[in-house]
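Below: the structure, in C-alpha coordinates.
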Amino acid sequence: MSIALLILWAPFSAAKDVNVEATDYRLSFSGRVVKNWINSDVYFNWPGVALSFRFKGMEASIIMNCRGGRFDVLVNGRVVSIINTDSTLKQYSLVKFDSQQDVVVELVKRNETYEEMVLVDGLEVNGEVLEHRTPQKHIIFFGDSLSAGLGSESHHQQCSSDETFKTSNARVAFPTMTAKLLNASHSQVSYSGLGVIRNYAGEQRYHNLPYYFNKAGAVLNDSSAYEDRHPDLLVIELGLNDFNTDLKPDEPWANVEDFRHSWTDAYVQFIIQLRQRYGDVPIVLVGLELDKDDPFERAINAVNEELLRMGERSIYIKKIDIKFDGCLWHPTEVEHKRISTILASFISDTSLLSE
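As C-alpha coordinates, then:
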(Lines of atoms letter the chains of each structure in order from A and count residues from 1; the text may use other names and numbers.)
(Lines give C-alpha, C1' and ligand atoms only; values in the text may rest on other atoms or scores of the structure.)
Protein backbone atom coordinates (compact mmCIF):
# COMPACT_ATOMS: atom_id res chain seq x y z
CA MET A 1 0.00 0.00 0.00
CA SER A 2 2.80 2.39 0.88
CA ILE A 3 4.55 1.63 -2.40
CA ALA A 4 1.37 2.33 -4.35
CA LEU A 5 0.93 5.62 -2.58
CA LEU A 6 4.52 6.55 -3.32
CA ILE A 7 4.02 5.89 -7.00
CA LEU A 8 0.75 7.80 -6.98
CA TRP A 9 2.22 10.92 -5.38
CA ALA A 10 5.65 10.98 -7.04
CA PRO A 11 4.55 12.95 -10.16
CA PHE A 12 3.17 15.69 -7.95
CA SER A 13 6.36 16.28 -5.92
CA ALA A 14 7.90 19.75 -6.31
CA ALA A 15 10.52 20.08 -9.03
CA LYS A 16 13.94 21.19 -7.84
CA ASP A 17 15.58 24.40 -9.03
CA VAL A 18 18.43 23.81 -11.47
CA ASN A 19 21.47 26.04 -11.96
CA VAL A 20 22.69 26.65 -15.52
CA GLU A 21 26.15 28.18 -15.94
CA ALA A 22 26.44 31.25 -18.18
CA THR A 23 28.85 29.41 -20.48
CA ASP A 24 26.45 26.50 -21.00
CA TYR A 25 26.02 25.70 -24.71
CA ARG A 26 22.25 25.96 -24.40
CA LEU A 27 22.48 29.71 -23.79
CA SER A 28 22.83 31.64 -27.04
CA PHE A 29 24.43 35.11 -27.06
CA SER A 30 24.13 37.56 -29.95
CA GLY A 31 26.85 40.21 -29.82
CA ARG A 32 30.38 40.43 -28.49
CA VAL A 33 30.93 38.46 -25.28
CA VAL A 34 33.88 37.46 -23.11
CA LYS A 35 33.67 33.93 -21.70
CA ASN A 36 35.56 32.97 -18.55
CA TRP A 37 35.66 29.20 -18.84
CA ILE A 38 37.30 28.79 -15.43
CA ASN A 39 34.52 30.56 -13.52
CA SER A 40 31.83 29.77 -16.13
CA ASP A 41 30.90 33.47 -16.32
CA VAL A 42 30.07 35.59 -19.38
CA TYR A 43 30.81 39.32 -19.72
CA PHE A 44 29.48 41.82 -22.24
CA ASN A 45 28.89 45.55 -22.60
CA TRP A 46 27.68 46.82 -25.98
CA PRO A 47 24.02 47.88 -26.31
CA GLY A 48 21.81 45.35 -28.05
CA VAL A 49 23.67 42.26 -26.82
CA ALA A 50 21.08 39.52 -26.36
CA LEU A 51 20.89 36.24 -24.45
CA SER A 52 18.26 33.72 -25.56
CA PHE A 53 17.24 30.19 -24.68
CA ARG A 54 14.28 27.86 -24.94
CA PHE A 55 12.61 27.14 -21.61
CA LYS A 56 10.18 24.39 -20.60
CA GLY A 57 8.95 24.93 -17.07
CA MET A 58 7.42 27.43 -14.68
CA GLU A 59 10.09 29.80 -13.41
CA ALA A 60 13.48 31.11 -14.54
CA SER A 61 15.75 33.80 -13.14
CA ILE A 62 19.19 35.15 -13.97
CA ILE A 63 22.08 35.96 -11.65
CA MET A 64 24.12 38.91 -12.88
CA ASN A 65 25.93 42.15 -12.03
CA CYS A 66 24.90 44.64 -14.67
CA ARG A 67 26.54 47.88 -13.51
CA GLY A 68 23.38 49.94 -14.02
CA GLY A 69 22.38 48.40 -17.33
CA ARG A 70 18.71 48.14 -18.34
CA PHE A 71 17.30 45.06 -20.04
CA ASP A 72 14.17 44.06 -21.92
CA VAL A 73 12.84 40.58 -21.14
CA LEU A 74 10.95 39.00 -24.02
CA VAL A 75 8.91 35.80 -24.14
CA ASN A 76 8.24 34.48 -27.64
CA GLY A 77 9.23 37.88 -29.03
CA ARG A 78 6.94 39.94 -26.77
CA VAL A 79 8.29 42.27 -24.07
CA VAL A 80 7.06 41.17 -20.63
CA SER A 81 9.24 43.29 -18.33
CA ILE A 82 12.17 45.68 -18.00
CA ILE A 83 14.99 44.91 -15.58
CA ASN A 84 16.78 47.81 -13.90
CA THR A 85 20.10 46.89 -12.29
CA ASP A 86 22.79 48.30 -10.03
CA SER A 87 26.44 47.41 -9.38
CA THR A 88 25.87 44.34 -7.23
CA LEU A 89 25.48 40.66 -8.05
CA LYS A 90 21.77 39.92 -7.84
CA GLN A 91 19.15 37.44 -8.95
CA TYR A 92 16.47 38.82 -11.28
CA SER A 93 13.27 37.08 -12.31
CA LEU A 94 12.89 36.44 -16.03
CA VAL A 95 9.64 34.46 -16.18
CA LYS A 96 7.18 33.04 -13.65
CA PHE A 97 4.22 30.99 -14.87
CA ASP A 98 1.30 29.36 -13.07
CA SER A 99 1.70 26.21 -15.16
CA GLN A 100 4.27 24.49 -17.35
CA GLN A 101 5.13 26.49 -20.48
CA ASP A 102 7.36 25.92 -23.51
CA VAL A 103 8.71 29.32 -24.58
CA VAL A 104 11.71 31.21 -25.96
CA VAL A 105 13.12 33.67 -23.42
CA GLU A 106 15.32 36.57 -24.48
CA LEU A 107 17.20 39.21 -22.48
CA VAL A 108 18.38 42.29 -24.43
CA LYS A 109 20.63 45.10 -23.15
CA ARG A 110 18.81 48.35 -23.84
CA ASN A 111 21.33 51.03 -22.99
CA GLU A 112 24.97 52.06 -23.06
CA THR A 113 27.27 51.72 -20.04
CA TYR A 114 30.92 52.70 -19.97
CA GLU A 115 32.48 51.86 -16.59
CA GLU A 116 32.54 48.06 -16.46
CA MET A 117 31.45 44.93 -18.28
CA VAL A 118 28.16 43.25 -17.42
CA LEU A 119 28.74 39.93 -15.61
CA VAL A 120 26.34 37.01 -16.09
CA ASP A 121 26.84 34.24 -13.54
CA GLY A 122 24.09 31.94 -14.79
CA LEU A 123 20.43 30.94 -14.57
CA GLU A 124 18.34 29.35 -11.86
CA VAL A 125 15.35 27.55 -13.32
CA ASN A 126 12.43 25.44 -12.25
CA GLY A 127 12.21 23.48 -15.45
CA GLU A 128 14.39 22.61 -18.42
CA VAL A 129 16.64 24.83 -20.54
CA LEU A 130 17.04 23.90 -24.20
CA GLU A 131 19.20 25.35 -26.95
CA HIS A 132 17.65 28.11 -29.07
CA ARG A 133 19.34 28.32 -32.45
CA THR A 134 20.08 31.75 -33.94
CA PRO A 135 19.96 32.76 -37.65
CA GLN A 136 22.92 31.82 -39.83
CA LYS A 137 23.77 35.21 -41.38
CA HIS A 138 25.49 37.81 -39.19
CA ILE A 139 25.85 41.61 -39.48
CA ILE A 140 28.11 43.92 -37.47
CA PHE A 141 27.02 47.55 -37.11
CA PHE A 142 29.41 50.37 -36.20
CA GLY A 143 27.78 53.62 -35.17
CA ASP A 144 27.02 56.40 -32.74
CA SER A 145 23.91 57.32 -30.71
CA LEU A 146 21.62 56.65 -33.69
CA SER A 147 22.75 53.03 -33.83
CA ALA A 148 22.67 52.77 -30.02
CA GLY A 149 19.02 53.86 -29.95
CA LEU A 150 19.41 56.97 -27.81
CA GLY A 151 15.92 58.25 -26.96
CA SER A 152 14.35 55.77 -29.37
CA GLU A 153 11.24 55.27 -27.21
CA SER A 154 10.66 59.02 -26.78
CA HIS A 155 8.11 61.18 -28.58
CA HIS A 156 9.58 64.69 -28.36
CA GLN A 157 12.93 66.43 -28.73
CA GLN A 158 13.26 68.24 -25.40
CA CYS A 159 14.00 65.64 -22.72
CA SER A 160 15.54 65.55 -19.26
CA SER A 161 18.58 63.35 -18.62
CA ASP A 162 16.37 60.85 -16.79
CA GLU A 163 13.86 60.72 -19.64
CA THR A 164 16.62 60.24 -22.20
CA PHE A 165 18.07 57.41 -20.09
CA LYS A 166 14.75 55.64 -19.70
CA THR A 167 13.73 55.97 -23.36
CA SER A 168 17.03 54.78 -24.86
CA ASN A 169 16.68 51.26 -26.24
CA ALA A 170 18.99 49.55 -28.72
CA ARG A 171 16.42 46.81 -29.24
CA VAL A 172 14.17 49.20 -31.17
CA ALA A 173 17.00 50.97 -33.00
CA PHE A 174 17.62 50.37 -36.70
CA PRO A 175 20.52 47.84 -36.33
CA THR A 176 18.40 45.34 -34.39
CA MET A 177 15.34 46.00 -36.56
CA THR A 178 17.31 45.67 -39.81
CA ALA A 179 18.86 42.37 -38.73
CA LYS A 180 15.44 41.06 -37.74
CA LEU A 181 13.94 41.97 -41.12
CA LEU A 182 16.80 40.12 -42.82
CA ASN A 183 16.50 37.09 -40.50
CA ALA A 184 20.10 37.66 -39.38
CA SER A 185 21.86 37.88 -36.05
CA HIS A 186 23.85 41.02 -35.32
CA SER A 187 26.46 42.69 -33.16
CA GLN A 188 26.91 46.39 -32.73
CA VAL A 189 29.74 48.67 -31.69
CA SER A 190 27.80 51.84 -30.93
CA TYR A 191 28.91 54.72 -28.71
CA SER A 192 26.93 57.94 -28.33
CA GLY A 193 28.76 61.15 -29.13
CA LEU A 194 31.72 59.57 -30.91
CA GLY A 195 32.82 60.16 -34.48
CA VAL A 196 35.51 59.01 -36.89
CA ILE A 197 38.10 61.57 -35.74
CA ARG A 198 36.02 64.21 -33.97
CA ASN A 199 33.35 63.69 -31.33
CA TYR A 200 30.27 65.81 -30.73
CA ALA A 201 31.27 69.45 -30.02
CA GLY A 202 34.93 68.45 -30.19
CA GLU A 203 34.79 66.80 -26.75
CA GLN A 204 36.46 63.68 -25.28
CA ARG A 205 39.44 63.92 -27.60
CA TYR A 206 41.16 60.90 -26.05
CA HIS A 207 39.05 58.43 -28.06
CA ASN A 208 36.82 57.97 -31.11
CA LEU A 209 34.69 55.17 -32.52
CA PRO A 210 37.42 53.41 -34.56
CA TYR A 211 39.36 52.98 -31.28
CA TYR A 212 36.66 50.49 -30.21
CA PHE A 213 36.21 48.61 -33.48
CA ASN A 214 37.96 45.49 -32.14
CA LYS A 215 37.07 45.79 -28.45
CA ALA A 216 34.77 43.68 -26.32
CA GLY A 217 32.91 46.72 -25.00
CA ALA A 218 32.84 50.47 -24.44
CA VAL A 219 35.11 50.27 -21.37
CA LEU A 220 38.03 52.51 -22.34
CA ASN A 221 41.04 50.50 -21.14
CA ASP A 222 39.56 47.01 -21.32
CA SER A 223 41.47 44.71 -23.66
CA SER A 224 39.63 41.42 -23.06
CA ALA A 225 39.59 38.88 -25.87
CA TYR A 226 35.99 38.48 -27.01
CA GLU A 227 33.92 36.00 -28.97
CA ASP A 228 31.67 36.98 -31.84
CA ARG A 229 30.48 35.50 -35.10
CA HIS A 230 32.36 36.35 -38.28
CA PRO A 231 30.19 38.83 -40.20
CA ASP A 232 28.64 38.37 -43.61
CA LEU A 233 28.09 42.14 -43.82
CA LEU A 234 29.36 45.31 -42.13
CA VAL A 235 27.23 48.46 -41.76
CA ILE A 236 28.80 51.78 -40.71
CA GLU A 237 26.76 54.77 -39.54
CA LEU A 238 29.26 57.48 -38.58
CA GLY A 239 30.00 61.14 -39.27
CA LEU A 240 27.13 63.09 -37.74
CA ASN A 241 29.11 63.87 -34.59
CA ASP A 242 32.17 64.85 -36.63
CA PHE A 243 30.30 67.46 -38.68
CA ASN A 244 27.36 68.42 -36.44
CA THR A 245 29.04 71.31 -34.60
CA ASP A 246 31.43 74.09 -35.58
CA LEU A 247 35.16 73.60 -35.10
CA LYS A 248 36.65 75.18 -31.98
CA PRO A 249 39.73 77.44 -32.14
CA ASP A 250 41.85 74.93 -30.20
CA GLU A 251 41.08 71.97 -32.46
CA PRO A 252 43.89 70.75 -34.75
CA TRP A 253 42.33 71.74 -38.09
CA ALA A 254 42.78 75.11 -39.77
CA ASN A 255 39.29 75.16 -41.30
CA VAL A 256 36.39 72.97 -42.40
CA GLU A 257 38.11 72.02 -45.65
CA ASP A 258 41.22 70.89 -43.79
CA PHE A 259 39.04 68.89 -41.41
CA ARG A 260 37.09 67.31 -44.27
CA HIS A 261 40.30 66.01 -45.86
CA SER A 262 41.51 64.62 -42.52
CA TRP A 263 38.14 62.97 -41.92
CA THR A 264 38.14 61.38 -45.38
CA ASP A 265 41.62 59.96 -44.83
CA ALA A 266 40.67 58.61 -41.39
CA TYR A 267 37.47 56.99 -42.68
CA VAL A 268 39.40 55.26 -45.46
CA GLN A 269 41.93 54.01 -42.91
CA PHE A 270 39.04 52.69 -40.81
CA ILE A 271 37.78 50.73 -43.82
CA ILE A 272 41.28 49.33 -44.31
CA GLN A 273 41.33 48.22 -40.65
CA LEU A 274 38.00 46.48 -41.10
CA ARG A 275 39.25 44.76 -44.25
CA GLN A 276 42.30 43.47 -42.40
CA ARG A 277 40.12 42.17 -39.58
CA TYR A 278 37.14 40.76 -41.50
CA GLY A 279 38.30 40.17 -45.05
CA ASP A 280 36.35 40.91 -48.22
CA VAL A 281 32.82 41.13 -46.81
CA PRO A 282 30.46 43.77 -48.22
CA ILE A 283 30.38 47.10 -46.36
CA VAL A 284 27.45 49.52 -46.37
CA LEU A 285 28.10 53.14 -45.43
CA VAL A 286 24.93 54.79 -44.14
CA GLY A 287 24.71 58.53 -44.72
CA LEU A 288 22.12 61.28 -44.74
CA GLU A 289 20.43 62.83 -47.74
CA LEU A 290 22.06 66.27 -47.69
CA ASP A 291 22.69 69.22 -50.00
CA LYS A 292 25.53 68.48 -52.42
CA ASP A 293 27.64 71.28 -50.91
CA ASP A 294 27.23 70.12 -47.31
CA PRO A 295 30.68 69.26 -45.84
CA PHE A 296 29.46 65.85 -44.62
CA GLU A 297 27.98 65.05 -48.03
CA ARG A 298 31.20 66.02 -49.78
CA ALA A 299 33.26 64.02 -47.30
CA ILE A 300 31.30 60.77 -47.62
CA ASN A 301 31.41 61.07 -51.41
CA ALA A 302 35.18 61.63 -51.22
CA VAL A 303 35.51 58.45 -49.16
CA ASN A 304 33.67 56.51 -51.84
CA GLU A 305 35.82 58.00 -54.61
CA GLU A 306 39.04 57.17 -52.79
CA LEU A 307 37.94 53.60 -52.10
CA LEU A 308 37.03 53.12 -55.76
CA ARG A 309 40.43 54.51 -56.75
CA MET A 310 42.02 51.92 -54.45
CA GLY A 311 40.13 49.15 -56.22
CA GLU A 312 37.42 48.57 -53.61
CA ARG A 313 34.32 47.11 -55.21
CA SER A 314 32.41 45.84 -52.18
CA ILE A 315 31.58 49.23 -50.65
CA TYR A 316 28.00 50.48 -50.90
CA ILE A 317 26.59 53.83 -49.82
CA LYS A 318 22.97 54.22 -48.76
CA LYS A 319 21.77 57.74 -47.98
CA ILE A 320 18.56 58.10 -46.01
CA ASP A 321 16.48 61.15 -45.18
CA ILE A 322 16.17 60.77 -41.40
CA LYS A 323 13.72 62.62 -39.15
CA PHE A 324 15.00 63.58 -35.70
CA ASP A 325 11.83 63.93 -33.61
CA GLY A 326 12.95 62.11 -30.45
CA CYS A 327 14.98 63.04 -27.38
CA LEU A 328 17.91 65.38 -28.07
CA TRP A 329 17.06 65.33 -31.78
CA HIS A 330 17.29 61.58 -32.33
CA PRO A 331 15.04 59.21 -34.29
CA THR A 332 11.96 57.76 -32.60
CA GLU A 333 11.07 54.07 -32.69
CA VAL A 334 8.74 54.74 -35.62
CA GLU A 335 11.57 56.43 -37.52
CA HIS A 336 14.01 53.64 -36.68
CA LYS A 337 11.49 51.20 -38.13
CA ARG A 338 11.31 53.25 -41.34
CA ILE A 339 15.13 53.44 -41.54
CA SER A 340 15.44 49.69 -41.04
CA THR A 341 12.86 48.98 -43.74
CA ILE A 342 14.77 51.15 -46.23
CA LEU A 343 18.14 49.68 -45.26
CA ALA A 344 16.94 46.06 -45.27
CA SER A 345 15.36 46.55 -48.70
CA PHE A 346 18.61 48.01 -50.00
CA ILE A 347 20.62 45.08 -48.62
CA SER A 348 18.15 42.58 -50.10
CA ASP A 349 17.92 44.31 -53.47
CA THR A 350 21.72 44.34 -53.82
CA SER A 351 21.95 40.70 -52.63
CA LEU A 352 24.50 41.54 -49.93
CA LEU A 353 23.37 38.65 -47.71
CA SER A 354 22.61 36.11 -50.41
CA GLU A 355 23.89 32.56 -50.20
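For the sequence shown, full-length UniProt numbering assigns the number 1 to the initial residue and increments by one for each residue that follows.
Don't be surprised by glycine CBs; every beta carbon is placed ideally from N, CA and C.
Note that this is a predicted model, so its numbers are computed, not measured.
- For H186 and P47, the gap between their C-alpha atoms comes out near 11 Å.
- For K109, the enclosing beta strand (DSSP E) stretches over residues 90 to 109.
- Assignment of G143 by DSSP, reduced to helix, strand and coil, places it in the strand class.
- Contact check for I140 against L234 passes: the beta carbons are separated by less than 8 Å.
- Annotated three-state conformation of K318 is strand, per DSSP.
- Ranked by Cα distance from F71, the options G122, A170, D17, F142 are led by A170.
- Collapsing the DSSP output to three states places S52 in a strand.
- Spatial neighbours of V33 in its own chain (CB-CB distance under 8 Å, excluding positions within 5 residues in sequence) are listed in chain order as V42, Y43, F44, V49, A216, Y226, E227, D228.
- A contact is defined here as three or more CB-CB pairs under 8 Å, and the stretch 134 to 154 fails this definition with respect to the stretch 94 to 101.
- Between the alpha carbons of I342 and I62 lies a distance of about 36 Å.
- Counting only residues of its own chain and dropping the five nearest sequence neighbours on each side, Q91 has a CB closer than 6 Å to the CB of S61, I63.
- Here DSSP, grouped into helix, strand and coil, assigns D242 to helix.
- G68 is not a Cβ neighbour of K109, given a cutoff of 8 Å.
- Boundaries for D41: no alpha helix (DSSP H) harbours it, while the beta strand (DSSP E) harbouring it runs 41 to 44, taken from the DSSP string.
- Straight through space, the alpha carbons of G151 and G239 are spaced by roughly 19 Å.
- For the stretch 235 to 292, the full-length alpha helix (DSSP H) segments reaching 4 residues or more read 240 to 243, 256 to 278 along the chain.
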